[in-house]
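Protein chains in written order, with my numbering: chain B, 1 to 184; chain E, 1001 to 1184.
Okay, here's the thing in structure tokens:
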């Protein structure tokens, strides 16, 4: 039997390379250590299973995010802890997902992974910023497409100078304080 | 706190007008009476939220069914009882969804709502068979597109001469016997 926990959607948002996926990996280990289930809906999983054929226009990106939101809400309202790790650059779309959760009574935690564009671009783990600057990738968040930072997120994680473990600890402390997961 | 139950996907398959939605309504009431949660993924809900833009070609229908399967599996493996009520006419696609559940350790219950084409067409609740026969609907399961009846479903519900309540009772008896839901 899994440890006591509640359903919620921890909705990470942040630039490409901001650390969403790395922090998620730490969260997965931390949840496992507490015997709490977790479902991760990252952009790639959802594009493969729910959104094949969609491109990167604003409309297609919105559709992809709305689908992640639909599935996250289904899980969260049934007591499952969910972490999403898509860039989700537009505030209006994130607000629509929040509203959906509010209507179903599921908990929505907008979590801004606040890594600066300069830091993301300096690392450029996947080489995507270089391709975006050269024009090889024509539409890219932060370079040729806007990233709208959350106005009033439940959580803002400043990653500068921090390890992924330290960033994840900020999130875990919040979830514990809100009694959504048990203490370690 | 909800009553003791397990996660599973009750995957209904059957012709248009076979009674899937009506039986589902009875199941929703019966689950509520037992204080067991239930998530219903019917074809229309999923087309609206996950598959807008898809048509009714074999490829698009398969994509739609695969998406329902992906979401059902996510829920079922997290302990949520799920009922799907899409026609899902192709055995190969249903088998792919079954395989996905097996891989994740989630329970999959293929449930054939075995109403004959003659009976479905005689009722024609939504007038769709008439439109299919006249050609107004060019592709329609059972008329101009195949329905592949399940070869070895976990459950086959013969609806002829039965009320929806009686058909639902067959399903509930199975779920009780398998200890997936508590007795009424």
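All C-beta atoms in this analysis are idealised placements derived from N, C-alpha and C, irrespective of residue type, glycine included. All figures in this text were calculated on a predicted structure; none of them were measured in a lab.
Identification of chain B residues near residue 1070 of chain E by a Cβ-Cβ cut-off of 8 angstroms yields 49, 50, ordered along the chain. Closest option to residue 58 of chain B, judged by alpha-carbon separation, among B:14, B:115, B:141: B:141. Proximity of residue 1079 of chain E to chain B, defined by a Cβ-Cβ separation below 9 angstroms, is satisfied. Residue environment analysis places residue 1095 of chain E among the exposed positions, since fewer than 16 neighbouring C-beta atoms fall within 10 angstroms of its C-beta.
Against chain E, the CB of residue 118 of chain B has no partner CB under 9 angstroms away; the residue lies outside that interface. For the region 1072-1105 of chain E, the set of positions with a beta-carbon nearer than 8 angstroms to some beta-carbon of chain B reads 1074, 1075, 1078, 1079, 1080 in chain order. In the same chain as residue 130 of chain B, and ignoring 5 residues on each side of it, the C-beta atoms closer than 7 angstroms to its own belong to 124, in chain order.
If you check the CB distance, residue 1066 of chain E and residue 49 of chain B come in under 9 angstroms. With respect to residue 115 of chain B, residue 17 of chain B sits close: the two C-beta atoms are nearer than 9 angstroms. Under the Cβ criterion (8 angstroms, minimum of three pairs), the region 1003-1015 of chain E does not count as touching the region 27-36 of chain B.
DSSP places residue 1086 of chain E outside both helix and strand once states are collapsed to three, so it counts as coil. Taking 9 angstroms as the CB threshold, residue 1024 of chain E stays off the interface with chain B. By the Cβ criterion, the region 147-160 of chain B is in contact with the region 102-120 of chain B, since at least three pairs of Cβ atoms, one from each stretch, lie closer than 8 angstroms. Around the beta-carbon of residue 1032 of chain E, fewer than 16 other beta-carbon atoms lie within 10 Å, marking it exposed. In this structure, residue 100 of chain B lies away from residue 62 of chain B, with their beta-carbon atoms at least 9 angstroms apart.
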